[in-house]
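Have a look at the structure below before the remarks.
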Amino acid sequence: CVLVIQHRLRLRKEREQEAYQKAKDEEMFHEKMNFFSHVIHEIKTPLAIIQNNAELLCMEKKPEKQKEYAEVIFQTTKRLSELISNILKLNKLEKQAITPVAEEYDLCGQLAECAVNYEPVWEKKDIGFDADMEDSIKITADAALMEIVWNNLFSNAVKFTEPGGTIKLTEQSDNSEIRVSVEDNGCGMTEETREHIFEKFYQGDTSHAMAGNGLGLALALRVLQLNDYKIEVESEPGRGSKFTVIIPKR
Numbered sequence: 138c139v140l141v142i143q144h145r146l147r148l149r150k151e152r153e154q155e156a157y158q159k160a161k162d163e164e165m166f167h168e169k170m171n172f173f174s175h176v177i178h179e180i181k182t183p184l185a186i187i188q189n190n191a192e193l194l195c196m197e198k199k200p201e202k203q204k205e206y207a208e209v210i211f212q213t214t215k216r217l218s219e220l221i222s223n224i225l226k227l228n229k230l231e232k233q234a235i236t237p238v239a240e241e242y243d244l245c246g247q248l249a250e251c252a253v254n255y256e257p258v259w260e261k262k263d264i265g266f267d268a269d270m271e272d273s274i275k276i277t278a279d280a281a282l283m284e285i286v287w288n289n290l291f292s293n294a295v296k297f298t299e300p301g302g303t304i305k306l307t308e309q310s311d312n313s314e315i316r317v318s319v320e321d322n323g324c325g326m327t328e329e330t331r332e333h334i335f336e337k338f339y340q341g342d343t344s345h346a347m348a349g350n351g352l353g354l355a356l357a358l359r360v361l362q363l364n365d366y367k368i369e370v371e372s373e374p375g376r377g378s379k380f381t382v383i384i385p386k387r
């Protein structure tokens with residue numbers, strides 16, 4: 138009798154494990170199909186734009202219009218290249234095919250270098266830039282991967298700040314942690330957008346009027362997770378957004 142009960146319990150446990158594994162496999166399958174569906178959509182859109190403008194370019198005789206079509210093709214291929222690059226990086230990070238190489242370096246120096254790279258864009262949009270940082274502070278991390286984080290935060294700040302707006306970079310530290318904030322006074326986000334902002338291919342701006350592919354923040358989050366760092370988001374519609382990266386001191 139005891140053996141029969143044990144056998145039945147074992148069978149029940151095996152069935153539960155099989156059901157759990159099946160549900161997990163189905164979830165992973167749907168996630169993969171959803172990911173591929175988003176990839177196909179994001180690639181088809183710029184390809185259609187390139188094809189359309191290439192056809193117009195071939196038919197156009199006026200030099201100024203030819204230049205306009207060529208510029209659209211150039212910017213769209215640039216976006217497509219960025220999309221493919223981000224997909225590959227994110228795939229490697231999620232598969233842990235990239236092993237962070239941690240070295241000590243000056244975080245403030247890195248932030249300044251990344252910020253300077255966006256100066257031409259800020260000037261073109263007449264966006265003010267303020268920085269409040271320490272002269273220098275050392276962290277031990279993979280500098281190349283952390284650069285991905287800062288570039289994405291700066292890129293988003295520029296993208297969603299209207300001409301004449303302001304972007305602020307702040308770095309502060311105490312005995313336990315370093316806090317780096319990138320803040321803008323742009324369009325801001327709804328609560329729903331904040332909840333999903335780090336998901337792959339999620340775009341709060343559903344009109345797609347802004348350039349982007351919804352992978353930047355997902356990529357940044359994965360880099361931070363690999364380093365055991367955190368990121369916080371504060372935002373309200375019409376009042377701008379503030380992203381804060383928290384780096385524990387070790």
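Residue numbers (the working numbering): 138 to 387.
Cβ atoms here follow ideal geometry from the backbone N, Cα and C, with glycine treated the same way.
It should be emphasised that the depicted structure is a prediction, and the values quoted were computed from it without experimental measurement.
Inter-residue Cα distance where the pair is residue i and residue j
i      : j      : result
ILE368 : LEU220 : 23 Å
SER318 : PHE211 : 32 Å
PHE335 : ASN364 : 17 Å
PHE297 : LEU148 : 57 Å
GLN154 : ILE142 : 18 Å
LEU244 : TRP259 : 22 Å
GLU320 : LYS198 : 45 Å
GLN247 : CYS195 : 44 Å
VAL370 : GLU201 : 43 Å
ARG376 : VAL286 : 23 Å
THR307 : ASN293 : 16 Å
GLY301 : TYR255 : 15 Å
PRO257 : VAL295 : 11 Å
TYR206 : SER218 : 18 Å
THR327 : LYS379 : 13 Å
ALA281 : VAL360 : 10 Å
GLU271 : SER310 : 9 Å
GLN188 : ARG152 : 53 Å
HIS345 : LEU184 : Note that HIS345 scores a pLDDT of 38, beneath 50, so its modelled location is shaky; the value from the coordinates is reported in the next line. Going from the Cα of HIS345 to the Cα of LEU184 covers about 15 Å.
PHE291 : LYS159 : 42 Å
LYS232 : THR330 : 27 Å
LYS305 : GLU284 : 18 Å
LYS229 : GLN362 : 14 Å
SER273 : GLU332 : 34 Å
GLU192 : LYS215 : 19 Å
SER313 : SER222 : 35 Å
Supposed close pair residue i, residue j - CB separation, criterion 8 Å
i      : j      : result
GLY323 : GLU373 : At roughly 11 Å, the Cβ-Cβ gap does not stay under 8 Å, so GLY323 and GLU373 are not in contact.
LYS275 : GLU241 : 5 Å
ASP279 : VAL238 : 5 Å
THR303 : ASP267 : 7 Å
LYS386 : ILE315 : 7 Å
VAL209 : ILE186 : 7 Å
LEU227 : LEU356 : 5 Å
is_contact[residue i, chain B] using C-beta, thresh 8 Å
i      : result
GLU151 : Absent from the structure is chain B; it holds one protein chain and no more.
Residues sharing a beta bridge with residue i, DSSP
i      : result
ASP365 : According to DSSP, ASP365 bridges with nothing at all.
GLY353 : GLY353 pairs with nothing; no bridge assigned.
ILE383 : ARG316 and LYS367
SER273 : DSSP output for SER273 lists no bridge partner at all.
SER222 : Answer is none; SER222 lacks a bridge partner.
TYR242 : ILE276
ASP263 : Per DSSP, none; premise fails for ASP263.
ALA268 : LEU306
GLU373 : GLY377
Outcome for residue i when other beta-carbon atoms lying within 10 angstroms are tallied against a minimum of 16
i      : result
THR236 : exposed
GLY353 : buried
ASN289 : buried
LYS337 : buried
MET347 : Annotation note: pLDDT 47 at MET347 (below 50); position unreliable, no value reported.
THR343 : Interpretation of THR343 is limited by its pLDDT of 43, a score under 50 that renders its predicted location unreliable; no figure is taken from the coordinates.
ASN190 : buried
TYR366 : buried
LEU358 : buried
**Report entry** 3 or more residues per run - each beta strand (DSSP E) lying fully within the region 275–312
**Finding:** For the region 275–312, whole beta strand (DSSP E) runs of length 3 or above, ordered along the chain, are 275–278 and 303–310.
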